[in-house]
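Just so we're aligned, residue 124 is where the first sequence starts under the working numbering, counting upward by one. Heads up, the beta-carbon is just placed ideally off N, CA and C, and yes, glycines get one too. Remember, predicted model here, so these are calculated numbers, not experimental data. Comments concern the structure below.
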Amino acid sequence: MPELPEVESLRALLARSVVGRVITKVEVREPRLRRPVRPQLAAALRDRTIRAIRRRAKYLLLDLGADVLLIHLGMSGSLTHRREPQGGDGVEPRSAGRLDSAVRLDPRHDHVKLMLDDSSALVYNDPRRFGLIKLLPRADLGAAEELKALGPDALSDAFNAAYLAAKARHRRTAIKNLLMDQRVVAGLGNIYAAEALFRAGVRPGRRAAALTPAEINRIVDATGALLREAIGAGGTSFRNYLDARGRPGRFAPRLMVYARAGERCYVCSTLIRSRVLGQRSSCYCPRCQR
DNA sequence: CGCCCGACCTGAGAGC
DNA sequence: TGCTCTCAGGTCGGGC
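What follows is the structure, encoded as structure tokens:
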């Protein structure tokens, strides 16, 4: 679920609310995530100060000084900052009064809770348990398995037309698969790869190597603009994604093709189609995209 | 190496 | 109502 814009929105919110806070206690209620949460984690986090929050691709990094807490939300994860009613098993997001969406986090999937020194808590909730929480020494972050193979961040200057053209050369794979390959460019998932290609006017199934320089240019430009707009809207909420305050993102109504198969294109009224690429359904407008 | 596929999980929604 | 099936925002490892 969460792709770059959702994680970046989360980073920005948490940077305001939890930086400077001290972790007083950690509860690991369900260690069985994509990789088991290590038993030592809770003790290692205790009394650590959250100094800064960063993002790399779809990973959130809590800077704890000598170590970094790496968090990935998988397909269905969320991280919410809540007021913890003392003594209670609180599940109310911090600004609960503004929760106008139908989305509710199921407390059974509150797998890890970081209690903070202002009697609030950071809660990791993840129904499908595809996420990851892991403590890494800051010194060799770059060498970490999870991060070392990542390509340039989709929002970085390093993701430019010359770079993408070089990566696309001799590749028979579909351009959408290439954009979703985190080793090529980091941060795009199924929603934003589809949306970037719509904006660029390129069909998702086109062979990467067959794209023209103009198309490569449009893809890179469209990706940057799309991600910035999505971040501005707090990301996309489809089913259970919620931001740090327990609110959904506001970008979903602006999606042009994702999850719209069978509906009419907002630009040309042609029916949006879907095909499977790399085992992911890929929506596109057969008229606007060539 | 590039590419494809299944696996890992739970829940929502459709169809019967 | 309740069952069964498909699909879902992501990675990872194995096989060819």
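{"Query": "C-beta atoms of Gly328 and Leu400 nearer than 8 Å", "Result": "yes"}
{"Query": "Simplified DSSP assignment, three categories, for Ser132", "Result": "helix"}
{"Query": "Short Cβ contact (8 Å threshold) for Phe282 with Met198", "Result": "no"}
{"Query": "Segment contact, 8 Å Cβ cut-off, at least three pairs: the stretch 266-273 with the stretch 330-337", "Result": "no"}
{"Query": "Run of the alpha helix (DSSP H) containing Gln389, from where it starts to where it stops", "Result": "Correcting the residue type first, residue 389 is Tyr in the shown sequence and not Gln. Careful: Tyr389 lies outside any alpha helix (DSSP H) and carries neither H nor E."}
{"Query": "Cβ-based burial, Pro128 [other Cβ within 10 Å; buried from 16]", "Result": "buried"}
{"Query": "Nearest to Ala375 (by Cα), restricted to the options Leu350, Ala367 and Arg368", "Result": "Leu350"}
{"Query": "Thr346, DSSP secondary structure in three states", "Result": "helix"}
{"Query": "Proximity to Ala356 [Cα-Cα], best of Arg362, Pro371, Gly347 and Glu268", "Result": "Pro371"}
{"Query": "Extent of the continuous alpha helix (DSSP H) run through Glu268", "Result": "Glu268 to Lys271"}
{"Query": "Option in Gly143, Asn340 and Leu202 with minimal Cα separation from Ala65", "Result": "Only positions 124 to 413 of the chain appear in this structure, which leaves residue 65 out of reach."}
{"Query": "Ala317, DSSP secondary structure in three states", "Result": "helix"}
{"Query": "Three-way DSSP call (helix, strand, coil) for Tyr286 in this model", "Result": "helix"}
{"Query": "Simplified DSSP assignment, three categories, for Ile354", "Result": "helix"}
{"Query": "Helix, strand or coil at Arg206 [DSSP, three-state]", "Result": "strand"}
{"Query": "Whole-angstrom C-beta distance between Ala291 and Leu301, which should lie under 8 Å", "Result": "6 Å"}
{"Query": "Ala317 and Tyr381 closer than 8 Å at C-beta", "Result": "yes"}
{"Query": "Outcome for His195 when other beta-carbon atoms lying within 10 angstroms are tallied against a minimum of 16", "Result": "buried"}
{"Query": "Member of Val235, Ala180 and Tyr315 whose CA lies at the smallest distance from the CA of Ala165", "Result": "Val235"}
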